[in-house]
Amino acid sequence: MESGDICSIVAVEIAEQSIYFERLLRYHKGRGYIRLPEFLNAGFASVIEYIRKGKTKLTSENVYQIFIASDYLLVSNLKQECSAYIKEMAKDPAVAISLWISCRGLYWPEVGEMAYQKILENFGQVFQSAEFLQLDFDDVKHILEDDGLNCLRERMVLTAVENWVQHSSSLRLPFAFDLLTTLRLGLMPQAEIDQISSSDFVKLVPEFAQLLFEWPRCLFQPDSEPLLSEPQRQRLTTPRLPHEVSQTR
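Mapping of the sequence shown onto UniProt numbering: residues 1 to 249, in sequence order.
Below is the structure:
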């Protein structure tokens with residue numbers, strides 16, 4: 001606004017809390033009606049309530065729509081509250097997986113990314129959930145090969161693969177080798193590698209059993225007869241990020 005401009009107290013109050021409305025008030029100067037995007041309808045009233053009262057009720061049913069509205073309208077404090085609420089919800093593996101899957105194709109992928117980070121952070125609970133078993137191969141591989149996966153021992157990854165494959169073994173066994181190569185064998189003691197090589201599940205995947213038998217010689221095989229692709233070789237020996245570091249990416 002400029003000196004001498006006259007605006008309603010409500011308009012000024014809203015503009016103080018929202019950069020979007022501040023710019024609108026500064027440059028629009030009352031020239032006709034403004035039509036906001038329809039996708040704001042569900043969360044708009046809550047944003048205005050927050051601006052005027054300093055609070056609004058967040059629930060699992062409305063938080064996503066309020067997040068969208070507060071992000072679009074540049075109400076940063078409310079967006080932060082929505083983010084914190086979503087992260088708390090996503091501690092539940094079922095919610096985290098649902099949000100990650102459902103939000104990937106939306107205009108605000110930030111919500112899905114928050115949920116995905118919770119999947120990595122709480123992997124010890126996630127891989128034991130019924131929802132994890134329903135994921136498709138690409139999603140499971142995406143999770144297991146992530147450097148930020150929070151697993152105390154790589155043996156957890158093996159268990160996750162075994163659980164997922166055995167949930168529908170006739171359909172999923174062909175994917176087992178690709179998933180098993182997400183294990184960071186370079187982080188595992190040789191005694192543990194020897195132990196898993198004799199497991200019944202590994203025996204069902206001859207290529208992986210051979211890899212364990214030839215470990216670590218398989219890392220240096222000639223390119224003419226590779227057991228592993230170059231990305232797979234690199235991944236097998238790449239350390240996972242410490243959990244505290246992965247959460248600051």
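In this text, a Cβ means the ideal position worked out from N, Cα and C, and glycines have one as well.
Since the structure is predicted, the reported quantities are computational estimates derived from the model, not experimental observations.
Check, Outcome
"Test item: CB-CB of residue 265 and Ile-143 under 8 Å", "Residue 265 falls outside the range modelled here, since the chain spans only 1 to 249, and no answer is possible."
"Within-8 Å CB hit, Leu-144 to chain D", "Here there is only one protein chain, and chain D is not present."
"Leu-211 versus Ser-76 - alpha carbon distance", "51 Å"
"Alpha-carbon to alpha-carbon, Val-157 and Asp-44", "Note that residue 44 is Phe in the sequence shown, not Asp. Using only the alpha carbons, I get a separation of about 43 Å."
"Bounding residues of the alpha helix (DSSP H) (the contiguous stretch that carries Met-188)", "Unbroken run through Met-188: none, as it is neither H nor E."
"Per-residue DSSP class, three states only, for Phe-127", "coil"
"Three-pair Cβ contact test at 8 Å for the stretch 196-208 versus the stretch 228-244", "no"
"Spatial neighbours of Trp-215 in its chain, beta-carbon cut-off 7 Å, leaving aside the 5 residues before and after", "Leu-185, Ile-193"
"Selection from Asp-71, Ile-86, Gln-80, Glu-81 that minimises the alpha carbon distance to Glu-61", "Ile-86"
"Cβ pair Leu-58, Ile-66 closer than 8 Å", "yes"
"Top-ranked residue by Cα proximity to Phe-137, from Gln-166, Phe-201, Cys-218, Ile-51", "Gln-166"
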